[in-house]
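A.B. asks:
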Amino acid sequence: MSEVLVVVDHVDGAVKKPTYELLALAARLGEPSAVFIGAAAEGDAVAEAVKGYGAEKVYVVDDAQIKGYLVAPKAEALEQLVAKTSPAAVLIPSSAEGKEVAARLAIKTSSGLITDAVDVQEGGVTTQSVFAGNFTVTAKVTQGTPIITVKPNSAAPVEKAGAGTVEQFDAVISDAAKTAQIVASQPRQSTGRPELTEAAIVVSGGRGTGGNFEPVENFADSMGAAVGASRAAVDSGWKPHTFQVGQTGKTVSPQLYVAAGISGAIQHRAGMQTSKTIIAVNKDEEAPLFELVDFGVVGDLHSVLPAATEQINARKG
Amino acid sequence: MNIVVCVKYVPDATADRQFESDNTVDRVGVDGLLSELDEYAVEQALQIKEKRDGEEITVTALCVGPEKGVDAVRKALQMGADKGVHVVDDAIAGSDAIATSLVLAKAIEKVGPADLVVTGMASTDAGMSVVPAMLSERLGLPQVTQAAVVETQGDQVRIKRDGDAATEVIGGTMPLVLSVTDQSGEARYPSFKGIMAAKKKPLETLSLSDLGVDAGQVGLAAAWTAVEDTAARPPRTAGEIVKDEDGSGATALVEFLASKKFI
Ligand SMILES: Cc1cc2nc3c(=O)[nH]c(=O)nc-3n(C[C@H](O)[C@H](O)[C@@H](O)COP(=O)(O)OP(=O)(O)OC[C@H]3O[C@@H](n4cnc5c(N)ncnc54)[C@H](O)[C@@H]3O)c2cc1C
Ligand SMILES: Cc1cc2nc3c(=O)[nH]c(=O)nc-3n(C[C@H](O)[C@H](O)[C@H](O)COP(=O)(O)OP(=O)(O)OC[C@H]3O[C@@H](n4cnc5c(N)ncnc54)[C@H](O)[C@@H]3O)c2cc1C
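Protein chains in written order, with UniProt numbering: chain A, 1 to 317; chain B, 1 to 263.
#1: What residue ranges within the stretch 203-241 of chain A form continuous alpha helix (DSSP H) runs of no fewer than 4 residues, ordered along the chain?
#2: Assign I107/A to one of three DSSP states: helix, strand, or coil.
#3: Which same chain residues, not among the five before or five after S184/B, have their C-beta less than 8 Å away from its C-beta?
#4: Can you tell me the Cα-Cα spacing of A72/B and K8/B, whole angstroms?
#5: Given this structure, state the Cα-to-Cα distance separating A270/A from G228/A, to the nearest angstrom.
#6: Using only the alpha-carbon positions, how far apart do T237/B and F135/A sit?
#7: If you measure from the beta carbon of T165/A to each beta carbon in chain B, is any gap under 8 Å?
#8: Does DSSP put D44/A in a helix, a strand or coil?
#9: Got a sec, what are the start and stop residues for the beta strand (DSSP E) Y69/A sits in?
#10: Taking only runs that begin and end inside the stretch 175-231 of chain B, name each unbroken beta strand (DSSP E) of 3 or more residues, in chain order.
#11: Is the beta carbon of G29/B closer than 8 Å to that of I12/B?
#12: Return the CA-CA distance between G144/A and E217/A, expressed in angstroms with no decimal places.
#13: In the DSSP output, what is K160/A paired with across the bridge?
#14: How many angstroms separate the CA atom of L305/A from the CA atom of F295/A?
#15: Considering just the uninterrupted stretch of the alpha helix (DSSP H) at I173/A, what are its terminal residues?
#16: Chain B beta carbons: is any one of them nearer than 8 Å to that of S185/A?
#17: What do you reckon, is the C-beta of K8/B under 7 Å from a heavy atom of ligand 2?
#18: Just to confirm the assignment, what range does the alpha helix (DSSP H) spanning L25/A have?
#19: Within the chosen definition, does the stretch 185-201 of chain A reach the stretch 76-92 of chain A through at least 3 CB pairs nearer than 8 Å?
#20: Given 7 Å as the limit, tell me if A97/B has its C-beta closer than that to any heavy atom belonging to ligand 1.
#21: When DSSP labels each residue in this structure, what does Q128/A get in the three-state scheme?
#22: Counting beta carbon pairs with one atom in the stretch 55-74 of chain A and one in the stretch 99-115 of chain A, are three or more of them shorter than 8 Å?
#23: Whole-angstrom Cβ separation of I3/B and A114/B, contact assumed at under 8 Å?
#24: Start and end of the beta strand (DSSP E) containing E240/B?
#25: Along the stretch 130-150 of chain B, where does the CB come closer than 9 Å to a CB of chain A? Name the residues.
#26: Does the CB of K99/A have a neighbour CB from chain B at under 8 Å?
#27: Applying a beta-carbon distance threshold of less than 9 Å, which residues of chain A neighbour K106/B?
#28: So with Cβ pairs under 8 Å, would you call V254/B a contact of chain A?
#29: Kindly indicate which three-state DSSP category R74/B falls into: helix, strand or coil?
Put into structure tokens, the structure is as follows:
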């Protein structure tokens with residue numbers, strides 16, 4: 001059976017959940033191999049993590065010489081791994097960086113590229129959700145090695161023992177790939193809440209909060225949820241851009257999405273429309289978001305959310 | 001200095017976007033426009049030109065798209081771009097990102113050499129966010145992408161951006177490919193003067209043969225991906241909506257959450 005390369009999503013060697021989701025999808029196409037591009041010293045810990053989700057091999061690409069040089073060196077390393085392993089497909093997380101690596105790899109290997117897949121079936125048939133979630137498209141790569149980027153929350157991780165055999169892979173990186181440099185980097189401060197794109201529940205606030213996010217945050221905490229925001233809230237400086245849900249913010253697809261004081265513009269819907277269950281709290285019963293909801297409350301979020309929070313906390317006892 | 005801004009012509013996101021029977025996007029029956037996110041690219045190109053007062057800088061707006069795509073180029077000219085280039089050829093219809101980036105790269109080489117290639121962060125139709133990286137790969141230029149803040153000095157470009165895990169400053173030396181987000185600054189509206197002036201600006205139309213691109217390398221038949229099926233999402237069945245009266249809204253909300261086992 002052919003290998004399927006899965007690019008490991010991680011922060012300093014801490015493997016993130018989308019990696020396990022990709023391994024589950026990879027197993028439908030062939031034999032999953034994880035590719036870890038990072039500090040060689042973290043390779044064993046990463047291997048330990050991914051072998052529990054079916055990784056047969058773990059290629060460790062030491063990033064000592066390429067750290068800080070953006071995406072081009074990563075694409076070069078992957079190109080060489082593709083040449084060595086002739087994989088059935090390469091699966092990459094659909095982050096901004098993941099898509100850029102995929103884009104370069106597709107050109108380098110003369111391969112078709114599919115981005116933002118929400119499902120991958122046997123035979124490499126992908127599902128994408130396009131036009132703000134209004135259409136579902138199935139597609140296939142017809143030339144070269146299928147390069148597919150997959151959105152978070154697209155598959156359930158499957159716990160399954162793999163061999164997890166570690167193999168160091170020494171990539172040869174050209175100077176030409178080292179032309180754009182990360183001059184400074186400030187890691188994101190942890191909010192202590194689940195990460196927006198990975199959370200099972202997301203509670204977002206919009207202009208209707210009037211800048212007071214407390215009801216939104218307290219409600220989110222009672223639910224163990226991540227906090228998001230509309231662009232109007234971000235543009236007003238109430239939340240950093242990293243909280244933004246939508247076309248030019250994060251795409252979320254949680255089990256539950258709660259929008260408070262958000263009207264439901266097409267650009268916002270583009271980022272949350274595929275959520276499984278949708279709830280809105282809005283003063284205006286004509287707000288377009290009510291067209292999408294499973295449950296809606298026409299009312300003031302400043303009274304509805306605190307009262308709901310209190311009841312939820314009381315239930316927890 | 002030559003700045004080339006890539007402007008895509010896309011179906012209006014607020015209109016009813018549709019697919020054709022061959023699973024390509026209907027770009028004729030639906031109103032199209034300059035991809036809203038590319039307006040930010042035009043804006044940044046113009047700002048760079050304005051900030052580097054005294055230098056000879058030409059901003060060229062480039063669109064690869066159908067006949068009507070010329071509207072996207074015109075909009076960029078009205079905003080203040082100096083020149084327009086529209087690559088139009090029936091053979092291009094249905095191209096994938098790989099082929100689109102090939103045509104764009106060849107066109108940039110033809111109108112260039114470019115010191116800066118500026119693009120949006122994503123189109124508003126397919127929104128793959130891959131064309132800038134593909135152009136960088138094809139042109140052999142550095143990429144500085146997803147910029148929220150752009151600064152140039154001499155041949156140095158520095159951008160600030162919200163990366164996946166960190167806020168970053170990225171630096172590169174021109175010539176390079178730059179993509180900008182909608183955080184980079186509101187795009188200007190064309191003024192009446194700008195609209196009048198645009199009518200006199202040079203607008204070149206190029207075909208594949210002008211670019212030396214073989215028609216067999218582009219279009220639906222040559223795409224390395226194939227769409228097998230498109231389906232409109234079934235409309236959501238209307239949800240339950242309650243009016244909050246005397247705190248009843250919160251109780252109903254909590255009951256709903258409990259019934260769905262979220263709490
Ligand atoms: C719904 C849908 C799904 C698709 N899925 C795939 C797929 O999975 N794989 C695939 O290979 N192709 C796919 N395509 C086709 C492909 O997206 C487009 O052909 C192509 O233009 C690539 O990019 P993009 O629009 O996603 O651009 P992005 O990469 O999102 O665009 C970034 C920037 O590049 C510039 N740019 C992009 N296209 C042009 C242009 N024509 N003229 C000028 N500037 C431009 C703009 O500055 C833009 O802001 C899809 C198209 C649609 C409509
Ligand atoms: C290129 C482009 C990209 C964009 N990208 C994004 C994006 O990624 N994400 C995004 O969100 N937007 C995006 N937008 C902006 C989008 O078009 C809307 O402007 C934005 O989503 C509106 O945010 P909002 O719903 O919070 O504000 P509004 O539309 O002003 O809605 C506020 C709502 O709050 C309600 N309200 C007011 N007070 C209360 C109260 N006390 N209790 C309950 N409800 C109350 C009002 O009835 C109203 O419905 C983009 C726009 C453009 C042009």
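C-beta atoms are modelled at their ideal positions from N, C-alpha and C, and glycine is treated no differently.
C.D. replies: On the basis of the coordinates in this document:
#1: If you keep only unbroken alpha helix (DSSP H) runs of at least 4 residues inside the stretch 203-241 of chain A, you get 214-223, 231-235.
#2: Assigned with DSSP and collapsed to three states, I107/A falls in helix.
#3: Hits under 8 Å: Y40, E43, Q44, A147, A148, V149, V150.
#4: Approximately 7 Å, taken between the alpha carbons.
#5: Each residue's alpha carbon lies about 14 Å from the other.
#6: In this structure, the straight-line span from the alpha carbon of T237/B to that of F135/A is close to 16 Å.
#7: Not an interface residue.
#8: Looking at D44/A - three-state DSSP - the assignment turns out to be helix.
#9: Following the DSSP letters along the chain, one finds Y69/A in no beta strand (DSSP E), marked with neither H nor E.
#10: Look at the stretch 175-231 of chain B and you find these whole runs of beta strand (DSSP E), each 3 residues long or longer: 176-180, 203-206.
#11: As written in the sequence, residue 12/B is Asp, which differs from the Ile given in the question. Cβ atoms of D12/B and G29/B: not closer than 8 Å.
#12: Our two residues, G144/A and E217/A, have alpha carbons roughly 47 Å apart in a direct line.
#13: In the DSSP output, where bridge partners are listed per residue, K160/A has Y53/A.
#14: Distance between the alpha carbons of L305/A and F295/A is about 14 Å.
#15: Judged by DSSP secondary structure, I173/A falls outside any alpha helix (DSSP H); it is assigned neither H nor E.
#16: Yes, S185/A lies at the interface with chain B (some Cβ there is under 8 Å from its Cβ).
#17: Result no, Cβ not under 7 Å from ligand 2.
#18: Boundaries of the alpha helix (DSSP H) around L25/A: 17-26.
#19: With a cut-off of 8 Å, the stretch 76-92 of chain A and the stretch 185-201 of chain A do not count as touching, because too few Cβ pairs lie within range.
#20: Yes - ligand 1 has a heavy atom lying nearer than 7 Å to the Cβ of A97/B.
#21: In the three-state reduction of the DSSP assignment, Q128/A falls in the strand class, which pools E and B.
#22: In short, these stretches touch, since the Cβ pair count reaches three.
#23: Rounded, the Cβ-Cβ distance is 7 Å, consistent with contact.
#24: Residues 240-243.
#25: The stretch 130-150 of chain B vs chain A, Cβ under 9 Å: V130, V131, P132, A133, M134, S136, E137, R138, G140, L141, P142, Q143, V144, T145, Q146, A148.
#26: The C-beta of K99/A comes closer than 8 Å to at least one C-beta of chain B.
#27: What K106/B touches in chain A: nothing, since even the nearest Cβ is about 14 Å away.
#28: At least one CB atom of chain A sits nearer than 8 Å to the CB of V254/B.
#29: Helix, per DSSP.
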